[in-house]
Amino acid sequence: MTQTISVIRGDGIGPEIMDATLKVLDAMNLGLQYEFVDAGLSALEKTGELLPEATLESIARNRIALKSPLTTPVGEGFTSINVSLRKKFDLYANVRPAKSFPNTKSRFPAGVDVITVRENTEGLYIGDGQTITEDGELATSTSRITHKGAERVVRYAFELAKKTGRKKVTVVHKANILKTTSGLFLKTAREVAAQYPEIECNEMIVDNTCMQLVMKPEQFDVIVTTNLFGDIISDLCAGLVGGLGLAPGANIGDENAIFEAVHGSAPDIAGKGIANPCALLLAAGQMLDHLGQTDKAEKLRNAIVETLEAKDSLTPDLGGTGTTQTFAEAIAKRVA
Ligand code: NAI
Ligand code: MG
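Heads up: the sequence shown at position 318 corresponds to 317 in numbering that gives the first Met the number 0, and the numbers run straight through without jumps.
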C-alpha cells in the first residue's frame with residue numbers, strides 16, 4: 000500500500016529533526032511517499048504567507064501530515080499557525096502520550112504511561128468574548144463547551160482505550176466551580192462512559208489531578224479533559240517523563256490528522272545538528288498507529304527504547320555526545 004503524507008519541514012531545528020525522522024522511516028520500508036509543503040517562517044520568506052493555500056490543499060488531499068515545529072513571528076497580525084490548522088481541519092482531539100523511557104530524566108523511570116486526550120477546539124481557547132475596557136480595569140473572556148464537542152472527544156478517548164487495551168479513563172474537570180461549562184463536559188462524559196462498561200471511568204477535579212500526577216502517576220492510564228486543563232496537564236506529564244525532547248502529539252479530526260513534536264523550533268540550538276529527533280519520531284509512531292500499521296509503530300518505539308537503553312549516540316539533552324544524525328542512524332539500524 001502506498002500512502003502519501005504531507006511533510007512540513009518547519010523552522011529552526013525542524014528540518015534537522017524531520018530529515019532524521021524520514022531517514023528512520025525510510026529504513027522501515029513503509030510504502031510512504033512524502034509531499035513536501037511549507038508553513039511558518041520559511042513559508043513566509045518564500046511565499047509571503049505563513050500558511051500557504053497549497054499547504055492546506057495538500058493536507059486536505061492526503062489527510063495525514065507530519066509536521067516539524069514552526070516559528071510564529073512575534074507581533075501584531077500573526078495568528079498561531081498551529082491554532083489555524085486545528086481550526087481549519089477541525090482537529091478536535093489532541094493526543095499526547097507520556098511514557099517513561101530508559102536513561103532519560105524521568106522522575107518515575109518505572110511507572111509513567113499516561114495518554115492525555117485534550118479537547119482541541121473549544122473551551123477558553125476559542126478566544127470568544129475577549130474584551131478589555133479602555134481604562135484597563137476590566138477584562139473578559141468567554142469559554143464555550145458544546146455537547147457535540149464534549150461527546151466526540153470523550154468518545155475518542157474511550158475508543159483509544161479500547162483499541163490499545165487500556166483499562167481506565169479519568170475525566171478531569173472543575174464542575175464544582177465552573178458549573179455550566181465544566182459541568183456540561185462532565186455530564187456528557189458520564190453519558191459516553193456508560194456505553195463502555197468494560198472500561199473503568201473515574202472523575203477527578205483538575206487541581207487534585209495535578210497533585211496526584213506528581214505524587215502517584217501510575218494510577219493514570221488515559222486522561223480526557225477540556226482545552227486549557229489538557230494543555231497544562233499534558234505538559235506536566237511531559238515533565239514527569241523527561242521533558243520536551245521525548246513528547247509527541249497528534250491532532251486528530253474525523254477527516255484529517257497532523258502529527259508533531261510538542262516542542263518548538265528551538266532557535267537556540269538550530270543549525271548545530273544536536274537536536275533530539277525522538278519527539279518527532281514518536282509522533283511518526285502515532286501516525287503509523289493511526290494508519291493501522293501498529294506493528295511497525297511498536298517496532299519504531301522499541302528501536303527508540305533500545306537505543307536509549309544502549310546509550311547509543313544520544314544527543315546532548317539526554318546527556319550524550321551524539322548528533323541528530325548519528326542518533327537517528329543508531330535508531331535506523333535497529334528498525335532496519
Ligand atoms: P522550544 O520548545 O523551541 O525550546 C525550549 C527549550 O527546549 C530550548 O532550550 C530548546 O533548545 C530545547 N529543545 C526543544 N526541543 C528540543 C529538541 N528536540 N532537542 C533538544 N532540545 C530541545 O520553545 P520556545 O523556545 O519557547 O519556542 C521557540 C519557537 O518555537 C517560538 O517561535 C514558538 O512560537 C515556537 N513553537 C512552535 C511550536 C509548534 O510549532 N508546535 C510549539 C512550541 C513553540
Ligand atoms: Mg501548550
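Using N, Cα and C, we set each Cβ at its ideal position, and we do this for glycine too. Since the structure is predicted, the reported quantities are computational estimates derived from the model, not experimental observations.
Whole-Å CB distance - residue i paired with residue j, under 8 Å assumed
{"i": "A26", "j": "N255", "result": "Actually they do not touch by this definition, with Cβ atoms about 27 Å apart."}
{"i": "G244", "j": "N93", "result": "That pair is no contact at about 19 Å."}
{"i": "L65", "j": "V6", "result": "5 Å"}
{"i": "N201", "j": "K167", "result": "7 Å"}
{"i": "L123", "j": "N226", "result": "7 Å"}
{"i": "D112", "j": "K98", "result": "5 Å"}
{"i": "M286", "j": "F258", "result": "4 Å"}
{"i": "T54", "j": "V36", "result": "4 Å"}
{"i": "I330", "j": "A302", "result": "5 Å"}
{"i": "C236", "j": "T115", "result": "6 Å"}
{"i": "G148", "j": "E118", "result": "6 Å"}
{"i": "I144", "j": "E158", "result": "20 Å between Cβ atoms; not a contact."}
As assigned by DSSP and simplified to three states, the class of residue i
{"i": "E121", "result": "coil"}
{"i": "G110", "result": "coil"}
{"i": "K147", "result": "helix"}
{"i": "G321", "result": "coil"}
{"i": "N255", "result": "coil"}
{"i": "Q194", "result": "coil"}
{"i": "S5", "result": "strand"}
{"i": "I231", "result": "helix"}
{"i": "N226", "result": "helix"}
{"i": "K104", "result": "coil"}
{"i": "T141", "result": "coil"}
{"i": "P315", "result": "helix"}
{"i": "K98", "result": "strand"}
{"i": "G248", "result": "strand"}
{"i": "A335", "result": "coil"}
{"i": "I268", "result": "coil"}
{"i": "T130", "result": "strand"}
{"i": "V116", "result": "strand"}
Proximity test, residue i beta-carbon vs ligand 1 heavy atom, cut-off 6 Å
{"i": "D267", "result": "yes"}
{"i": "D230", "result": "no"}
{"i": "N226", "result": "no"}
{"i": "T71", "result": "yes"}
{"i": "L243", "result": "yes"}
{"i": "S264", "result": "yes"}
{"i": "N175", "result": "no"}
{"i": "D37", "result": "no"}
{"i": "D316", "result": "yes"}
{"i": "P51", "result": "no"}
{"i": "A337", "result": "It is not possible to answer for residue 337, since the shown part of the chain is limited to 0 through 335."}
{"i": "P68", "result": "yes"}
{"i": "N81", "result": "yes"}
Inter-residue Cα distance where the pair is residue i and residue j
{"i": "Q2", "j": "L280", "result": "18 Å"}
{"i": "T103", "j": "K87", "result": "36 Å"}
{"i": "L239", "j": "S105", "result": "6 Å"}
{"i": "T70", "j": "T130", "result": "27 Å"}
{"i": "V223", "j": "Q324", "result": "36 Å"}
{"i": "Q32", "j": "I231", "result": "35 Å"}
{"i": "G150", "j": "V191", "result": "It should be pointed out that residue 150 corresponds to Glu in this sequence rather than to Gly. Going by the C-alpha atoms only, they are around 7 Å apart."}
{"i": "I12", "j": "Q194", "result": "44 Å"}
{"i": "H172", "j": "A309", "result": "41 Å"}
{"i": "S142", "j": "I176", "result": "14 Å"}
{"i": "A38", "j": "T293", "result": "29 Å"}
{"i": "S272", "j": "E328", "result": "Here residue 272 turns out to be Gly, not Ser, going by the sequence shown. Approximately 13 Å between the Cα atoms of the pair."}
Q. Considering only residues of the stretch 8-86, which uninterrupted alpha helix (DSSP H) runs meet the minimum length of 4 residues and lie entirely inside it, listed in chain order?
A. 13-25, 40-46, 52-61
(Q) At 4 residues or longer, what runs of the alpha helix (DSSP H) sit wholly inside the stretch 276-301? (A) 277-289
Q | Ordered list of alpha helix (DSSP H) runs contained in the stretch 159-216, each at least 4 residues | A | 180-192, 205-214
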